[in-house]
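*Asks:* Read in order, the letters of the sequence shown are residues 0 to 329 in numbering that gives the first Met the number 0.
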Amino acid sequence: MSYSSFELLDHSRPILIFGRDGQVGKALQQTLGDFQVPVIYLGRKDCDLADKSSLQQVLNRYQPQVIINAAAYTAVDRAESERDLVVAINAEAPEIMANYMAHVANGILVHYSTDYVFADTKTTDYQEVDSPGPMKQLCVYGQSKWLGEQAIEKQFNLEGHPKSTADQTQLSRYFILRTSWVYGDGDNFIRTILRLAGERDNLRVVADQIGVPTSAQWLAEIGIQMACSRLDSGIYHVVPDGETSWHGLAVFAIEIAAMAGKGVDVKVENILPITSDEYPVAAKRPVNSRLSNQKLKKALSGMAYTTTYPNWQEQVEAYVKDYVATPLKS
Ligand SMILES: NC(=O)c1ccc[n+]([C@@H]2O[C@H](COP(=O)([O-])OP(=O)(O)OC[C@H]3O[C@@H](n4cnc5c(N)ncnc54)[C@H](OP(=O)(O)O)[C@@H]3O)[C@@H](O)[C@H]2O)c1
0 MSYSSFELLD HSRPILIFGR DGQVGKALQQ TLGDFQVPVI YLGRKDCDLA
50 DKSSLQQVLN RYQPQVIINA AAYTAVDRAE SERDLVVAIN AEAPEIMANY
100 MAHVANGILV HYSTDYVFAD TKTTDYQEVD SPGPMKQLCV YGQSKWLGEQ
150 AIEKQFNLEG HPKSTADQTQ LSRYFILRTS WVYGDGDNFI RTILRLAGER
200 DNLRVVADQI GVPTSAQWLA EIGIQMACSR LDSGIYHVVP DGETSWHGLA
250 VFAIEIAAMA GKGVDVKVEN ILPITSDEYP VAAKRPVNSR LSNQKLKKAL
300 SGMAYTTTYP NWQEQVEAYV KDYVATPLKS
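1. Over what stretch of residues does the beta strand (DSSP E) that includes P133 continue unbroken?
2. Between A252 and the rest of its own chain, which residues show a CB-CB distance below 8 Å, the 5 nearest in sequence each way excluded?
3. Are the CB atoms of V36 and D45 within a distance shorter than 9 Å?
4. Output needed for E148: all residues of its chain with C-beta closer than 6 Å, excluding positions within five of it in sequence on either side, in chain order.
5. Given a cut-off of 9 Å, decide if I151 and L84 are closer than it, judged by their beta-carbon atoms.
6. For the beta strand (DSSP E) that Y308 lies in, which residues bound it at each end?
7. Mapping DSSP to helix, strand and coil, what is L15?
8. Is the distance from the Cβ of F117 to the Cβ of P285 below 9 Å?
9. Taking S300 as part of the beta strand (DSSP E), name the residues at either end of that continuous run.
10. Please go through the stretch 21-101 and give each complete beta strand (DSSP E) segment of 3 or more residues, from N-terminal end onward.
11. Within this structure, are the beta carbons of G247 and A215 separated by less than 9 Å?
12. Exposed or buried, S329, counting other C-beta atoms within 10 Å across all chains shown (16 or more means buried)?
13. Closer than 8 Å is the cut-off here; do at least three beta carbon pairs connect the stretch 273-280 with the stretch 301-308?
14. For V10, does the three-state DSSP call read helix, strand or coil?
15. In whole angstroms, give me the CA-to-CA distance for I95 and Q55.
16. R199: which of S232, G262, Q208 sits nearest, CA to CA?
17. Please confirm if the stretch 210-227 is in contact with the stretch 132-149, defined as three or more CB-CB distances below 8 Å between the two stretches.
18. Compute the Euclidean distance between the alpha carbons of S3 and F34, then round it to the nearest angstrom.
19. Around the Cβ of T123, are there at least 16 other Cβ atoms within 10 angstroms (buried) or fewer (exposed)?
20. Report yes if the C-beta of K144 is less than 8 Å from at least one heavy atom of ligand 1; otherwise report no.
21. Any heavy atom of ligand 1 inside 8 Å of the beta-carbon of Q22?
22. Is S112 near ligand 1 - that is, is its Cβ less than 8 Å away from at least one heavy atom of it?
23. Measure the beta-carbon distance from D114 to L290 and round it to whole angstroms, keeping in mind my assumption that it falls under 8 Å.
24. Is there at least one non-hydrogen atom of ligand 1 closer than 8 Å to the beta-carbon of V181?
25. Given 8 Å as the limit, tell me if C138 has its C-beta closer than that to any heavy atom belonging to ligand 1.
26. Given 8 Å as the limit, tell me if D76 has its C-beta closer than that to any heavy atom belonging to ligand 1.
27. Say the cut is 8 Å; is the CB of F155 nearer than that to a heavy atom of ligand 1?
28. N382: which of N98, I255, Y99, N68 sits nearest, CA to CA?
29. Please report how far the alpha carbon of L15 lies from the alpha carbon of T30, in whole angstroms.
30. Within the present structure, is the beta-carbon of R19 separated from the nearest heavy atom of ligand 1 by less than 8 Å?
31. I need the boundaries of the alpha helix (DSSP H) containing V109, first residue and last residue.
32. If distances are taken between C-alpha atoms only, which option among V181, R172, G197 comes closest to A219?
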């Protein structure tokens with residue numbers, strides 16, 4: 000992947016990363032570590048996003064050129080009982096970031112969002128132009144992320160915010176990157192299933208929810224690529240090619256782990272497909288989590304994106320092999 004467009008950024012102001020200790024935040028550190036650009040990484044202790052004045056102070060202090068917001072309240076089931084806190088972190092904090100960045104010349108806000116903003120209004124893949132919701136049918140986490148998207152778009156479209164200037168490079172822009180089923184350095188479905196595969200001789204995994212597993216490392220790279228681009232503001236769906244169910248992902252990950260030499264007790268025929276109804280959880284998940292990546296592919300093709308567009312299997316295979324080998328490496 001080429002980051003030659005880093006020269007487009009004004010490096011007298013830093014890139015500010017929220018969510019330093021999360022899966023995408025850690026991947027951003029890994030990716031940006033190779034580049035000579037001023038970056039400030041913030042974790043919860045540096046700036047609690049539920050505290051509006053703390054966030055505003057941080058923005059005033061660092062005066063960033065770019066914000067990449069990889070922080071979010073992501074405990075989807077716990078979110079059902081903490082609505083106010085979830086909305087503060089996932090919607091009100093991004094609104095403050097957007098309000099700040101909309102007024103910075105050539106300022107850029109990259110914000111990650113989710114497939115959970117959709118509530119099964121389609122059975123095929125969702126385009127960026129499809130309406131999320133309806134709000135009442137979303138879980139609290141999905142509602143909060145959709146409110147966050149709307150708040151960002153509102154701040155960048157307020158009366159007085161220029162849609163064009165004599166010098167287009169001075170326009171501030173936002174990129175909302177919707178993604179799904181993220182795995183990286185942190186707790187995630189693949190790590191849980193590999194642990195269980197080493198402890199049990201059978202597993203029951205939901206097979207009626209369909210989506211696209213997405214690598215945190217790749218999400219970080221795309222986020223940086225967008226920040227360096229001259230693309231128009233907007234929502235982009237950032238998922239690899241292909242689709243699967245949680246059951247399909249479990250079978251694939253366990254097969255790769257077994258081939259890579261990890262002790263796996265469960266046989267593939269003992270990984271049993273179940274329905275969502277057979278696995279009750281607090282938050283309702285969409286059955287259809289398919290996101291169309293056509294808009295992203297078109298955008299990347301105009302941006303000297305040098306890497307072949309990935310499919311989910313190759314990303315999961317690389318991740319599982321690396322994860323299984325990690326204890327051996329250390
Ligand atoms: N994980 C998924 O499957 C998935 C799917 C679709 C979209 N997304 C989106 O992708 C983005 C990145 O997700 P991820 O998987 O990297 O999430 P993650 O691993 O859960 O990381 C989220 C980070 O946000 C931080 N955070 C939470 N509350 C905070 C607060 N009040 N103040 C400051 N920081 C706070 C957490 O801090 P602590 O480390 O201190 O807890 C954590 O480091 C999020 O926008 C998420 O909504 C994720």
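Glycine residues also receive a C-beta, built at the ideal position from the N, C-alpha and C atoms.
Bear in mind that the values here come from a model prediction, so they are computed numbers and not experimental data.
*Replies:* Working from what's here:
1. Taking the sequence shown and counting its residues from 1, the one referred to as residue 133 is at position 134. Counting along the chain, P133 falls outside any beta strand (DSSP E), and DSSP gives it neither H nor E.
2. Looking up residue 252 in the sequence shown gives position 253. Hits under 8 Å: I189, I192, L193, V315, V319.
3. The residue given as residue 45 occupies position 46 in the sequence shown. The residue given as residue 36 occupies position 37 in the sequence shown. Contact: no.
4. For the purposes of this step, residue 148 is taken as the residue at position 149 of the sequence shown. Listed in chain order, the non-local C-beta contacts of E148 below 6 Å within the same chain comprise S112, I175, local neighbours out to five positions each way being set aside.
5. One-based indexing of the sequence shown puts residue 84 at position 85. One-based indexing of the sequence shown puts residue 151 at position 152. No; because the gap between Cβ atoms is not below 9 Å, this pair is not in contact.
6. Start at 1 with the first residue of the sequence shown, and residue 308 comes out as number 309. Here Y308 belongs to no beta strand (DSSP E), and DSSP marks it neither H nor E.
7. For the purposes of this step, residue 15 is identified with residue 16 of the sequence shown, where counting begins at 1. DSSP places L15 in strand when its eight states are reduced to three.
8. Translated into the one-based positions of the sequence shown, residue 117 becomes position 118. Translated into the one-based positions of the sequence shown, residue 285 becomes position 286. Against a cut-off of 9 Å, the Cβ pair of P285 and F117 comes out as a contact.
9. Within the sequence shown, residue 300 is the residue found at index 301, counting from 1. Per DSSP, S300 belongs to no beta strand (DSSP E); it is in the alpha helix (DSSP H), 293-300.
10. The stretch 21-101 contains these whole beta strand (DSSP E) runs: 38-41, 65-68.
11. By one-based count along the sequence shown, residue 247 stands at place 248. By one-based count along the sequence shown, residue 215 stands at place 216. No, these two residues do not count as a Cβ contact at 9 Å.
12. Locating residue 329 in the sequence shown gives position 330, counting from the first residue. For S329, the pLDDT reaches just 43, beneath the cut-off of 50, and the residue's location in the model is therefore unreliable, although a value from the coordinates is still provided. That one is exposed.
13. Contact between the stretch 273-280 and the stretch 301-308 is absent, because fewer than three Cβ pairs lie under 8 Å.
14. Taking the sequence shown and counting its residues from 1, one reaches residue 10 at position 11. Residue 10 is actually His in this sequence, not Val. Residue state, collapsed to three classes: coil.
15. In the sequence shown, the residue the question calls residue 95 occupies position 96. In the sequence shown, the residue the question calls residue 55 occupies position 56. C-alpha of I95 to C-alpha of Q55: approximately 7 Å in a straight line.
16. Position 200 of the sequence shown, counted from the start, is the residue given in the question as residue 199. Distances from the CA of R199 to each of S232, G262, Q208 were compared; the closest alpha carbon is that of G262.
17. Taking 8 Å as the limit for Cβ pairs, the verdict is that the stretch 132-149 does not touch the stretch 210-227.
18. Along the sequence shown, read from residue 1 onward, the residue named residue 3 stands at position 4. Along the sequence shown, read from residue 1 onward, the residue named residue 34 stands at position 35. With a pLDDT of 48 at S3, under the threshold of 50, the modelled position of this residue cannot be trusted; read the value that follows with caution. Looking at the backbone, the Cα of S3 and that of F34 are separated by about 10 Å.
19. Looking up residue 123 in the sequence shown gives position 124. Exposed, since its Cβ has fewer than 16 Cβ neighbours within 10 Å.
20. Translated into the one-based positions of the sequence shown, residue 144 becomes position 145. At a cut-off of 8 Å, the beta-carbon of K144 counts as near ligand 1: some heavy atom of the ligand is closer than that.
21. As a first step, residue 22 must be located in the sequence shown, where it is residue number 23. Indeed, a heavy atom of ligand 1 lies less than 8 Å from the Cβ.
22. Numbered from 1 along the sequence shown, position 113 holds the residue referred to as residue 112. Within the chosen limit of 8 Å, ligand 1 reaches the beta carbon of S112 through at least one heavy atom.
23. The residue labelled residue 114 in the question sits at position 115 within the sequence shown. The residue labelled residue 290 in the question sits at position 291 within the sequence shown. That belief holds up - the Cβ atoms of D114 and L290 are roughly 6 Å apart, short of 8 Å.
24. Position 182 of the sequence shown, counted from the first residue, corresponds to residue 181. Yes; taking the cut-off as 8 Å, the Cβ of V181 has a heavy atom of ligand 1 nearer than that.
25. Within the sequence shown, numbered from 1, the residue matching residue 138 stands at position 139. False, no ligand heavy atom lies under 8 Å from that Cβ.
26. Reading the sequence shown from its first residue, position 77 is the one you call residue 76. No, the Cβ of D76 stays beyond 8 Å of every heavy atom of ligand 1.
27. Sequence index remark: in the sequence shown, residue 155 carries index 156 (1-based). No, the beta carbon of F155 sits no closer than 8 Å to any heavy atom of ligand 1.
28. Limits of the chain in this structure are 0 at one end and 329 at the other, which puts residue 382 out of reach.
29. On the sequence shown, residue 15 is found 16 positions in, with the first residue counted as 1. On the sequence shown, residue 30 is found 31 positions in, with the first residue counted as 1. Computed Cα separation, rounded: 14 Å.
30. Translated into positions along the sequence shown, residue 19 becomes position 20. It does: the Cβ of R19 is within 8 Å (strictly closer) of some heavy atom of ligand 1.
31. For the purposes of this step, residue 109 is taken as residue 110 along the sequence shown, with counting starting at 1. Unbroken run through V109 is the beta strand (DSSP E), 107-113; no alpha helix (DSSP H).
32. Counted from its first residue, the sequence shown places residue 219 at position 220. Nearest C-alpha to A219: V181.
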